[in-house]
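Shown next, in structure tokens, is the structure this report addresses.
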Amino acid sequence: MNKQHEPMEKQVTRETFSTSLAVFFATLGSAVGLGNIWKFPYMTGMNGGAAFILVYLFFVLLIGIPIMVSEFYLGRKTRKNAVGVFDVLKGPKSFKIIGYMGMVSAMLIMFFYSTVAGWVYSYVVKTIRGDFRFLKDLSITDAKAQTTAVFDATASGIEPMIWQGLAVIVVATILMLGVKKGIERVTKTLMPVLLTLIILIAIRAMFLPGAAEGISFLVKPDFSQLTTSSILAAMGLAFFKLSLGMGTMVTYGSYFNKENNLVGTSFKVAFSDVAVSILAGLAIFPVVFTFGLAPEGGPGLLFNTIPLVFSLLPLGNLLLVSFFVLSAIAATTAMVSMVEVPVAIFTEQFKINRKLSVVMITSVMFIIGVLTTHPDALFGYVRINGMNLFDSFDYLASNVLMPLGGLLITIFVGYYVKKNHILAELTNDGQVGNPKLIGAYHIILRYITPILLIIVFLNAMGLFS
Ligand code: PHE
1029 MNKQHEPMEK QVTRETFSTS LAVFFATLGS AVGLGNIWKF PYMTGMNGGA
1079 AFILVYLFFV LLIGIPIMVS EFYLGRKTRK NAVGVFDVLK GPKSFKIIGY
1129 MGMVSAMLIM FFYSTVAGWV YSYVVKTIRG DFRFLKDLSI TDAKAQTTAV
1179 FDATASGIEP MIWQGLAVIV VATILMLGVK KGIERVTKTL MPVLLTLIIL
1229 IAIRAMFLPG AAEGISFLVK PDFSQLTTSS ILAAMGLAFF KLSLGMGTMV
1279 TYGSYFNKEN NLVGTSFKVA FSDVAVSILA GLAIFPVVFT FGLAPEGGPG
1329 LLFNTIPLVF SLLPLGNLLL VSFFVLSAIA ATTAMVSMVE VPVAIFTEQF
1379 KINRKLSVVM ITSVMFIIGV LTTHPDALFG YVRINGMNLF DSFDYLASNV
1429 LMPLGGLLIT IFVGYYVKKN HILAELTNDG QVGNPKLIGA YHIILRYITP
1479 ILLIIVFLNA MGLFS
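Take 1029 as the starting number for the sequence shown in the working numbering and just add one per residue.
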């Protein structure tokens, strides 16, 4: 049956992912990233553990999944980039702003994300070289001081800029290879490796003396720790985590094969992403509690504590290498999906060839990123409202542009697209899915998701602080 379709597909120059498994791994590759490995554990640590996770799950269900389904709908229905979608569909053309804002978000996120990815890459080499092996011969205090010193050295001077450049070059190379040979092949090879490593590391961590305490931190909710701001933080995390509101899922959706069950893929990706975050938590919190570290370590949780604790265990160096390899995979496949948003817009809307688009876009990302997000960079001293540029870029993308994009997507799909069009696309013309579930999705999309989103904005404007 596929044979018959082949000649027709040849006429369409656009590439698609070849199977539903490829769709799943590519999309999961976008969702799983540094967000799971440092943002999730650190935010959970700061906001009281299990109670925060429950609230986060609530938002994944009521905001994350409805928006993901809507983005897939827009992409696959039109087979266009995040701007081009609105050339094809009926409705106000002004919604193209979603795509342009997405391009800006992709830039802003890349500026700081590629910096952190660079640190991760450098730790892959440092751990392979065995730089942390000697820690076990030191007292805990000296070992802590040493790990901090290594991280400070990694983050200052020229070194991090070179690593950042390398991370950007890797991403650019994958993107130049295209959708099938680049994105599909890399995610299909690396995501199973990532999943295996995170499971092995989580299992190892569960045999540590502090495991019980770590696990109970993750499963026993303490609602007294939940504040208004942590509830809203959980909502923002759902956006960043699932790569929503900036056209990433629209763009990937436009590469999905037509047999794919869009609602099913959304649930599978969201569920697996949550599972990876929990596994990362299971790997990190037992070590945190075993060694009496503070659960709210922030980005330092990854770089200051993981080498410290893993290097003290038997086979620790192997665990350490695995941990940073999986972090590097996660960061890379997530960056690929971010940069694909502007790349698709450049190639299709502006008709610039793919390789040239990739070079132009990634060069801008690297140059601005390298000049702004390192403490020693030319503009490293700049503060906006007391925040350095690294944090300001994150704030602007995650707390302003992505939720705004998400709100516009819900309004467009909820109010401008006919319900029977949505039903037809989401069921593949009656082949898959449950129409009742899709009816429920439509109601949530129209009445619940936008209201929750407006709460995020009011928070961003400081109304609750
Ligand atoms: N979801 C990725 C993470 O958790 C980040 C990301 C955001 C990727 C936006 C693509 C687009 O790390």
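Cβ coordinates follow ideal geometry from the N, Cα and C atoms, glycine included.
On the DSSP letters alone, give me the boundaries of the alpha helix (DSSP H) that residue i sits inside.
i	result
E1368	G1344 to E1376
P1403	Per DSSP, P1403 belongs to no alpha helix (DSSP H) and is neither H nor E.
L1082	A1078 to F1087
S1006	What is shown of the chain runs 1029 to 1493, which leaves residue 1006 out entirely.
S1058	S1048 to A1059
E1212	Element bounds for E1212: n/a, residue is neither H nor E.
M1131	I1125 to R1157
M1263	T1256 to K1269
N1332	No alpha helix (DSSP H) contains N1332, which DSSP labels as neither H nor E.
I1243	A1239 to V1247
N1448	K1447 to L1454
W1191	E1187 to M1204
G1467	P1463 to I1471
M1170	Looking at the sequence itself, residue 1170 is Asp, so the reference to Met does not match. Here the alpha helix (DSSP H) through D1170 covers I1168 to A1183.
D1115	V1113 to V1116
P1120	Unbroken run through P1120: none, as it is neither H nor E.
G1433	M1430 to I1439
R980	Outside the shown range of the chain, which is 1029 to 1493, sits residue 980, and nothing can be said about it.
G1281	T1276 to G1281
T1072	F1068 to M1074
Only counting the same chain, and skipping five residues up and downstream in sequence, which positions put a Cβ closer than 8 Å to that of residue i?
i	result
S1350	L1225, L1228 and I1229
L1480	F1087, L1090, I1091 and M1263
S1048	N1285, E1287, N1288, N1289 and T1293
V1297	F1052, T1055, L1056, A1059, M1096 and L1270
Residue i to residue j, Cα distance in whole Å?
i	j	result
V1060	Y1280	15 Å
A1308	N1288	29 Å
P1478	V1291	19 Å
M1516	A1359	As shown, the chain starts at 1029 and ends at 1493. That puts residue 1516 outside it, with no answer to give.
M1074	Q1174	25 Å
G1434	P1237	43 Å
F1440	G1119	8 Å
A1181	K1286	49 Å
R1382	P1370	11 Å
D1170	T1155	19 Å
P1188	T1390	17 Å
G1112	F1179	43 Å
M1415	S1150	26 Å
R1161	F1331	15 Å
P1249	A1079	4 Å
I1137	L1417	11 Å
L1473	G1127	20 Å
L1503	Y1409	Absent from the structure is residue 1503, since the part of the chain shown begins at 1029 and ends at 1493.
G1158	V1148	15 Å
V1460	I1471	20 Å
V1198	I1396	18 Å
F1114	L1085	31 Å
If I measure Cβ to Cβ from residue i and keep anything under 7 Å in the same chain, skipping five residues before and after, which residues do I get?
i	result
L1341	L1347
I1357	L1218, V1221 and L1222
Q1032	Any reading at Q1032 needs caution, since the residue's pLDDT is 44, under 50, leaving its predicted position unreliable; the model's value is listed next. The answer is none, since no qualifying residue turns up.
V1116	T1106 and K1108
V1304	V1060, N1064 and I1226
S1420	I1412
D1422	F1140
Per DSSP, which residues does residue i bridge with? Please list them.
i	result
M1415	I1412
Looking at the C-beta of residue i, does it have a partner C-beta in chain D at a distance below 8 Å?
i	result
G1467	As a matter of chain content, chain D is missing from the structure shown, which is built from one protein chain.
Among residues of its own chain, excluding the 5 on either side of residue i, which ones have a beta-carbon nearer than 6 Å to its beta-carbon?
i	result
V1207	E1043 and Y1283
L1321	T1333
M1274	G1130, S1133, M1430 and G1433
G1242	F1313, P1314 and F1317
A1372	N1109 and T1279
L1491	none
G1057	T1215, M1219 and T1361
L1062	V1144 and A1359
Measuring CB atoms only, is the stretch 1444 to 1453 touching the stretch 1116 to 1127, in the sense that at least three cross pairs come out at less than 8 Å? Enough Cβ pairs lie closer than 8 Å, so yes.
Would you say the stretch 1421 to 1428 touches the stretch 1258 to 1278, given that touching needs at least three Cβ pairs under 8 Å? Contact holds: three or more Cβ-Cβ distances are below 8 Å.
Should the stretch 1376 to 1392 be called in touch with the stretch 1191 to 1210, which here means at least 3 C-beta pairs below 8 Å? Inter-segment contact for the stretch 1376 to 1392 and the stretch 1191 to 1210 is present: three or more beta-carbon pairs are separated by less than 8 Å.
Any 3 or more C-beta pairs closer than 8 Å across the stretch 1398 to 1413 and the stretch 1065 to 1075: The stretch 1398 to 1413 is not in contact with the stretch 1065 to 1075.
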